[in-house]
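Please read the structure below before turning to the comments.
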Amino acid sequence: MFVKPVKGRTVRHPETMRLLNEQGEEVLRTSFWLSCLKVGDVEEAEKPSAKPLLHSVTPPEKPPKSPEKLIPSEQTKKNEV
Numbered sequence: 001m002f003v004k005p006v007k008g009r010t011v012r013h014p015e016t017m018r019l020l021n022e023q024g025e026e027v028l029r030t031s032f033w034l035s036c037l038k039v040g041d042v043e044e045a046e047k048p049s050a051k052p053l054l055h056s057v058t059p060p061e062k063p064p065k066s067p068e069k070l071i072p073s074e075q076t077k078k079n080e081v
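So the sequence shown is residues 1 to 81, counted in the UniProt record's numbering.
This is the structure we're talking about:
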């Protein structure tokens, strides 16, 4: 279930003692979280949807190696052939 702390409250995860994120988190439906719901420390919330990408970025294609850009050992081998 997805829960977030009620405004003005802080709630710790019982296993890690880490604070529950203010925007909410997915947690297991255990007696601890159900108790937090019952006393009003947390509220069930909708999962925020992932933001859609505005556009996809594709890396530019690498141009093929030209003879001028070959390293010296490759130029020597090319001249010998």
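All residues carry an ideal CB built from backbone N, CA and C; glycine is no exception.
Bear in mind that the values here come from a model prediction, so they are computed numbers and not experimental data.
Proximal residues to residue i (C-beta, below 7 Å), its chain only, five neighbours per side dropped
| i | result |
| --- | --- |
| residue 92 | The structure shown does not extend to residue 92, since the chain is modelled only from 1 to 81, so the question has no answer here. |
| residue 9 | 41 |
Proximity winner among the options, relative to residue i (alpha-carbon distances)
| i | options | result |
| --- | --- | --- |
| residue 22 | 13, 62 and 29 | 13 |
| residue 17 | 8, 7, 32 and 6 | 32 |
| residue 1 | 44, 20 and 38 | 44 |
| residue 24 | 15, 49 and 38 | 49 |
| residue 15 | 9, 30, 7 and 46 | 30 |
Residue i - DSSP class collapsed to helix/strand/coil
| i | result |
| --- | --- |
| residue 6 | coil |
| residue 98 | For the chain, the structure presents residues 1 to 81; residue 98 sits outside this window and is missing. |
6 Å CB neighbourhood of residue i in its chain, flanking five on each side removed
| i | result |
| --- | --- |
| residue 26 | 2 |
| residue 62 | none |
For residue j and residue i, believed in contact at Cβ under 8 Å, the rounded distance
| i | j | result |
| --- | --- | --- |
| residue 20 | residue 5 | 5 Å |
8 Å Cβ shell around residue i - same chain, five flanking residues per side excluded
| i | result |
| --- | --- |
| residue 47 | 2, 24 and 26 |
Residue ranges of each beta strand (DSSP E) within the segment 20-50, 3 or longer: 42-44
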